[in-house]
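Visitor: Under my numbering, the final residue of the sequence shown carries the number 765; numbering is consecutive throughout.
The C-beta atom is built at its ideal place from N, Cα and C for all residues, glycine as well.
All of these numbers come straight from a predicted model, not from anything done at the bench.
One structure, pasted below without further comment.
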Amino acid sequence: MSDLVRRLIPAITAAVITLFAALMINGWNRAHVIDELPVEEAGGAERRVILLVVDRLGYRELYAGAGERLIRLLEQGALALMNVRSGRSGSESGYLSLGASARAVAGSEGGQAFNRQEQVEGVPAELLYRRLTGKHVLGEVIHLHAYSLQEKNSALDYPVTVGRLGQLLSDAGLTAAVVGNADTTAPGRGAVMIAMDRAGQVPLGTVGSSVLVEDPLFPFGKRADPVKTAAATGVYLERAHLVVVDFGDFSRLDQYWTQLAPAQRLAVFSAAMENLDQLLAGLLPLVKDNTVLVMVTPSTPCNRPGGSEELATLIWVSAGGPGPGLFFSPTTRRPGLITNTDLAPLIYSYLRRDSPSVSGGQSIGLISVADPPGLLARFSERVELIYRQRPPLLKSYILVMIITLLAALTGLALRLKFTMRLVLILDALMLVPLVLVVLPGLIRFPLPTVLLSGAVFAGSTLLLVLVLHPIKGKGRYLFYTVIGLATALVIIGDTLTGAQLQQASLLGYDPIAGARFYGVGNEYMGVLIGSTVLGTTALAAVADQGHRSLIVLTFLPFYGLIILLLAAPQFGANFGGTIAAAVAFGTAWAGMAGLISRWRDLGLTIIFFLLFAAAMLWVFNLFWQPPLPSHLGNFGQMVGSRGLEGLWETAQRKLSMNWRLIRYSIWSRAFLTLLGLLVVLFFYPLGLLRRLKEEQPDLLNVAAAAVTGSTAALLLNDSGIVAAATILLYAAPPVLIAIMSRVLDAGFKTGGQDNPAR
8 MSDLVRRLIP AITAAVITLF AALMINGWNR AHVIDELPVE EAGGAERRVI LLVVDRLGYR
68 ELYAGAGERL IRLLEQGALA LMNVRSGRSG SESGYLSLGA SARAVAGSEG GQAFNRQEQV
128 EGVPAELLYR RLTGKHVLGE VIHLHAYSLQ EKNSALDYPV TVGRLGQLLS DAGLTAAVVG
188 NADTTAPGRG AVMIAMDRAG QVPLGTVGSS VLVEDPLFPF GKRADPVKTA AATGVYLERA
248 HLVVVDFGDF SRLDQYWTQL APAQRLAVFS AAMENLDQLL AGLLPLVKDN TVLVMVTPST
308 PCNRPGGSEE LATLIWVSAG GPGPGLFFSP TTRRPGLITN TDLAPLIYSY LRRDSPSVSG
368 GQSIGLISVA DPPGLLARFS ERVELIYRQR PPLLKSYILV MIITLLAALT GLALRLKFTM
428 RLVLILDALM LVPLVLVVLP GLIRFPLPTV LLSGAVFAGS TLLLVLVLHP IKGKGRYLFY
488 TVIGLATALV IIGDTLTGAQ LQQASLLGYD PIAGARFYGV GNEYMGVLIG STVLGTTALA
548 AVADQGHRSL IVLTFLPFYG LIILLLAAPQ FGANFGGTIA AAVAFGTAWA GMAGLISRWR
608 DLGLTIIFFL LFAAAMLWVF NLFWQPPLPS HLGNFGQMVG SRGLEGLWET AQRKLSMNWR
668 LIRYSIWSRA FLTLLGLLVV LFFYPLGLLR RLKEEQPDLL NVAAAAVTGS TAALLLNDSG
728 IVAAATILLY AAPPVLIAIM SRVLDAGFKT GGQDNPAR
């Protein structure tokens, strides 16, 4: 192998230098993305925003059924799909989250808002409000339960300010108004939660039945009156800076959906779309140089097909710009994708004539593309496919993993020689993450049905195993070198170029679930750490003694590059992943350098890697303030302002999320199986581990590094069980295969070409 090693040394060095340079250049470029929504100034006139709220209307329905005016909005406006994840499902939580700029929680009490003179429980609403709060009514519209909503949200393990947008407007001397409702048999005035202040009051508005029309053929016998709603909006626009218009027809339709006959569903939906278009006909003339129209959906349908699998819609239209394009939000860093927490700060900063921004002062931008509505439709379709197919395909993969590992262990215990046939499946298990990240770049994956996607996924994995099979004839470690380094380099390269493949992978993060939107997620963070440990350690094992030391030294900058990649804010600033990588790489490097047997040297090596990781996290997220701070940078700012209270809240949230995933996620079964397998093999077959340590010490180094890294990942990530399992994926199968070969095939002959290390 000496000739191969001589070729690999300069190749690895060049790759590390190239990747490091790409990281720096890419980081600089990302720091100079469009950082301002280009809205033209309108002289000294005060700005106005009409916020049209169309609840429970998915983008696919909107795009397919758009009328004349809605098509105009889609063609002329700045668009985005919006993640509407809240603290709890339902429209009320969606409305409250928009106004609070946080994932808030609300129940049926969220709709309890009224004009001050409306009768509630036999008395005027303002009297009932005084009874509940002890405060005088100053606005035309009041929410009866603003204070109880704040108490409910204060119990969450992150801060939520009920009435945030309305309070900001009030403090700035700006006025808000609300028009319309989504009433059914109960009040549905959730839109008031967007514009109200912390006391639950809105200065102007009409939210009663005066803007509805009786229609016995429409759900609940009522629908929005487009003429009266548009007229009221125009009146309030003369005095208010923000007018929230609640078009409740789709909410009423969705709640009534299951009671309608199939043919009637289509007819009522078409009527609602026509009614929306008539409302837009009245609102669009109000869009002048100083007024913008923003159409937003607080929550996706609950009863209509596909609603829970969708992203919602945001459309921004103004007379002077910004023109067609896709929003670029620093929260997601993906063109055409924002979150419901972005909207309130965006509106507030627009009205204040600041650069439109989202929470944390991060700028929001616009990116010009061809056919934005069609692009979003295709993006929406793909995201929904991934969302639907991820659970069955990944559960099948993990189930196959667990069954194969347990079957191999059973066959090993019973000395069943045909158990060696499972080696092919064990090899395939380690190749699955690579296949899942590469497939979307080669074909349009996933395919329309889960069966087709599963067949292509399984067939591609098997094909790759067969293609790489000849390499195994030259030694297992060379095979592991190819698997490990190929997987790691693909993930690194993809991350440097925007993580497009990871975002489209079934093993990547999910824009609908909304836990992460950019960078290296926990799934591929674990894959990156585990595959890197396996690939580098295996490469060191195939090297002869003359080149091993040089190769091991080469790994230092390579490990440093990955730690830097995980720490850098433009790639996600994965705190837990950065520390887990430092622990795993420190253990692996100590093992390759012959330091792992001395606890003091091992500890010092890990500490060195941890100090480097901590320095990278601090420099890139706290010391150097990038234009687009990561969630870690925002966390540092939050701790600086709130102190230990904020730190404790974050720790509680992460522990709670981790514990929930450990209890319910199938990844916890995979982790326990992989870890349990390593523990069993440590003691059985008796005495074999000592011989394995003598004959293949590098293999045990892989296991040690994976166990320490997975432990760190488990403890330091809010979904650490996933990363912990994917790290162990690259340790347990190689150790199991080695012991199976030793016991069942009487392998591991020392020396010569029969040594698998060669």
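Which same chain residues end up closer than 6 Å to Ala49 when comparing Cβ atoms and leaving out the 5 residues on each side of it in sequence?
Guide: Taking the sequence shown and counting its residues from 1, one reaches residue 49 at position 42. Its pLDDT being 42, under 50, Ala49 is placed unreliably in this model, and the coordinates cannot settle the point.
Visitor: By the three-class DSSP mapping on this structure, what secondary structure does Met203 have?
Guide: Position 196 of the sequence shown, counted from the first residue, corresponds to residue 203. Here Met203 sits in coil by DSSP.
Visitor: Taking Arg607 as part of the alpha helix (DSSP H), name the residues at either end of that continuous run.
Guide: Position 600 of the sequence shown, counting from 1, holds the residue named residue 607. Where Arg607 is concerned, the enclosing alpha helix (DSSP H) stretches over 606-625.
Visitor: Per DSSP, Thr213 is paired with what?
Guide: By 1-based counting over the sequence shown, the position of residue 213 is 206. Answer by DSSP bridge pairing, in chain order: Val186.
Visitor: Looking at C-alpha atoms only, which residue of Gly533, Arg670, Asn708, His554 is the closest neighbour of Ala732?
Guide: Here residue 732 refers to the residue found at position 725 when the sequence shown is read from its first residue. When each option's Cα is compared against that of Ala732, the closest is Gly533.
Visitor: List, from N- to C-terminal side, the alpha helix (DSSP H) runs of 4 residues or more that fit wholly inside the segment 226-314.
Guide: Qualifying alpha helix (DSSP H) stretches, in chain order: 233-244, 256-263, 269-290.
Visitor: So what does DSSP say about Ile32, is it helix, strand or coil?
Guide: Reading the sequence shown from its first residue, position 25 is the one you call residue 32. With a pLDDT of 42 at Ile32, under the threshold of 50, the modelled position of this residue cannot be trusted; read the value that follows with caution. It is helical.
Visitor: Is the beta carbon of Ala506 sitting closer than 8 Å to the one on Tyr525?
Guide: Here residue 506 corresponds to residue number 499 of the sequence shown, with the count starting at 1. Here residue 525 corresponds to residue number 518 of the sequence shown, with the count starting at 1. The answer is yes: Cβ separation under 8 Å.
Visitor: I think Val549 touches Ala595, with their Cβ atoms under 8 Å apart; what is that distance to the nearest whole Å?
Guide: Counting from one through the sequence shown, the residue named residue 549 turns up at place 542. Counting from one through the sequence shown, the residue named residue 595 turns up at place 588. No, Val549 and Ala595 are not in contact; Cβ-Cβ is about 15 Å, not under 8 Å.
Visitor: Rounded to whole angstroms, what is the Cα-Cα separation between Ser216 and Gly330?
Guide: Within the sequence shown, residue 216 is the residue found at index 209, counting from 1. Within the sequence shown, residue 330 is the residue found at index 323, counting from 1. Rounded to whole angstroms, Ser216 to Gly330 spans 36 Å at the Cα level.
Visitor: Taking the Cβ atom as the reference point for each residue, do Ser258 and Ser98 lie within a distance shorter than 8 Å?
Guide: The residue given as residue 258 occupies position 251 in the sequence shown. The residue given as residue 98 occupies position 91 in the sequence shown. Yes, the Cβ-Cβ distance between Ser258 and Ser98 is below 8 Å.
Visitor: Taking the continuous beta strand (DSSP E) assigned at Thr544, which residues delimit it?
Guide: Numbered from its first residue, the sequence shown carries residue 544 at position 537. No beta strand (DSSP E) contains Thr544, which is instead part of the alpha helix (DSSP H) from 529-549.
Visitor: Is it the case that the CB of Ile613 approaches a heavy atom of the ligand HEM more closely than 7 Å?
Guide: Ligands are entirely absent from the displayed structure, and the ligand HEM is therefore not among its contents.
Visitor: Take the Cβ of Gly118 as the centre, count every other Cβ of all protein chains shown within 10 Å, and call the residue buried at 16 or more, exposed below.
Guide: One-based indexing of the sequence shown puts residue 118 at position 111. Under this definition Gly118 is a buried residue.
Visitor: Any idea if Trp264 is buried or exposed, counting beta-carbon neighbours within 10 angstroms, 16 or more meaning buried?
Guide: Residue 264 sits at position 257 when you count from the first residue of the sequence shown. It is buried - the Cβ of Trp264 has at least 16 other Cβ atoms within 10 Å.
Visitor: My parser needs the alpha helix (DSSP H) runs of 4 or more residues fully inside the segment 473-526; what are they?
Guide: Correct list: 483-503, 507-511.
Visitor: How big is the Cα-Cα spacing for Thr191 and Val250?
Guide: As a working mapping, residue 191 is identified with position 184 in the sequence shown. As a working mapping, residue 250 is identified with position 243 in the sequence shown. Cα to Cα, the separation comes out at about 22 Å.
Visitor: For the beta strand (DSSP E) containing Val60, name the first residue and the last one.
Guide: Taking the sequence shown and counting its residues from 1, the one referred to as residue 60 is at position 53. Taken as a continuous stretch (DSSP letters only), the beta strand (DSSP E) holding Val60 covers 55-61.
Visitor: Let me make sure I understand the geometry here. Which of Tyr357, Val169, Gly313, Ala620 has the alpha-carbon closest to that of Val390?
Guide: Indexing the sequence shown from 1 puts residue 390 at position 383. Checking every option, the nearest Cα to that of Val390 belongs to Gly313.
Visitor: By the three-class DSSP mapping on this structure, what secondary structure does Glu99 have?
Guide: Here residue 99 refers to the residue found at position 92 when the sequence shown is read from its first residue. DSSP places Glu99 in helix when its eight states are reduced to three.
Visitor: For the segment 463-472 against the segment 549-566, are there 3 or more C-beta pairs whose distance is under 8 Å?
Guide: With a cut-off of 8 Å, the segment 549-566 and the segment 463-472 do not count as touching, because too few Cβ pairs lie within range.
Visitor: Between which residues of its own chain and Lys142 is the CB-CB distance below 8 Å, once the five residues before and five after are set aside?
Guide: Here residue 142 is taken as the residue at index 135 of the sequence shown, counted from 1. Correct list, in chain order: Tyr136, Ala206.
Visitor: Would you tell me roughly how many angstroms separate the C-alpha atoms of Leu412 and Thr426, rounded to the nearest one?
Guide: Locating residue 412 in the sequence shown gives position 405, counting from the first residue. Locating residue 426 in the sequence shown gives position 419, counting from the first residue. Cα to Cα, Leu412 sits roughly 11 Å from Thr426.
Visitor: Would Val444 and Asp501 qualify as a contact pair, given that the criterion is a beta-carbon distance under 8 Å?
Guide: The count along the sequence shown starts at 1 and reaches residue 444 at position 437. The count along the sequence shown starts at 1 and reaches residue 501 at position 494. Yes; because the gap between Cβ atoms is below 8 Å, this pair is in contact.
Visitor: Tell me which residue opens and which closes the beta strand (DSSP E) that Pro320 is part of.
Guide: Here residue 320 refers to the residue found at position 313 of the sequence shown. It should be pointed out that residue 320 corresponds to Thr in this sequence rather than to Pro. From DSSP, the beta strand (DSSP E) with Thr320 extends over 319-325.
Visitor: Any chance the segment 464-480 sits against the segment 572-582, with 3 or more Cβ pairs inside 8 Å?
Guide: Contact between the segment 464-480 and the segment 572-582 is absent, because fewer than three Cβ pairs lie under 8 Å.
Visitor: Run the CB neighbour count on Ala193, radius 10 Å, all protein chains shown included, and call it buried at 16 or more, exposed below.
Guide: Taking the first residue of the sequence shown as position 1, residue 193 is located at position 186. With fewer than 16 Cβ atoms within 10 Å of its Cβ, Ala193 is classed as exposed.
Visitor: By DSSP, does Asp221 sit in helix, in strand, or in coil?
Guide: For the purposes of this step, residue 221 is taken as the residue at position 214 of the sequence shown. According to the sequence as given, residue 221 is Glu; it is not Asp. Residue state, collapsed to three classes: strand.
Visitor: Could you please give me the residues that DSSP links to Gly332 through a beta bridge?
Guide: Residue numbering aside, residue 332 sits at position 325 when the sequence shown is read from its first letter. DSSP lists Ala85 as partners of Gly332.
Visitor: Rounded to whole angstroms, how far is the Cβ of Val112 from the Cβ of Thr304, which I believe are closer than 8 Å?
Guide: Translated into positions along the sequence shown, residue 112 becomes position 105. Translated into positions along the sequence shown, residue 304 becomes position 297. Not quite, the Cβ-Cβ distance comes to about 19 Å (not below 8 Å), so this is no contact.
Visitor: Near Pro380, what residues of its chain come up, given a Cβ to Cβ distance below 8 Å and the 5 sequence neighbours on each side ignored?
Guide: Along the sequence shown, one-based indexing puts residue 380 at 373. Excluding positions up to five away in sequence, the list reads Tyr70, Leu81, Glu82, Leu86.
Visitor: Taking Cβ positions, are Leu59 and Leu300 nearer each other than 8 Å?
Guide: Here residue 59 refers to the residue found at position 52 of the sequence shown. Here residue 300 refers to the residue found at position 293 of the sequence shown. Against a cut-off of 8 Å, the Cβ pair of Leu300 and Leu59 comes out as a contact.
Visitor: Where does the unbroken alpha helix (DSSP H) through Phe592 begin, and where does it stop?
Guide: Taking the first residue of the sequence shown as 1, we reach residue 592 at position 585. 582-599 is the extent of the alpha helix (DSSP H) around Phe592.
Visitor: Once the 5 residues before and after Gln509 are set aside, which same chain residues still bring their CB inside 8 Å of it?
Guide: As a position in the sequence shown, residue 509 is number 502, starting the count at 1. If we look at Gln509 and ignore the five residues flanking it on each side, its Cβ neighbours are Val444, Ile498, Asp501, Thr502, Gly515, Tyr516, Val527, Gly528, Tyr531.
Visitor: Got a sec, what are the start and stop residues for the beta strand (DSSP E) Leu344 sits in?
Guide: Your numbering for residue 344 matches position 337 in the sequence shown. Per DSSP, Leu344 belongs to the beta strand (DSSP E) from 344-346.
Visitor: Which residue marks the beginning of the alpha helix (DSSP H) containing Asn724, and which one marks its end?
Guide: In the sequence shown, the residue the question calls residue 724 occupies position 717. First-last for Asn724: undefined, no H or E at that position.
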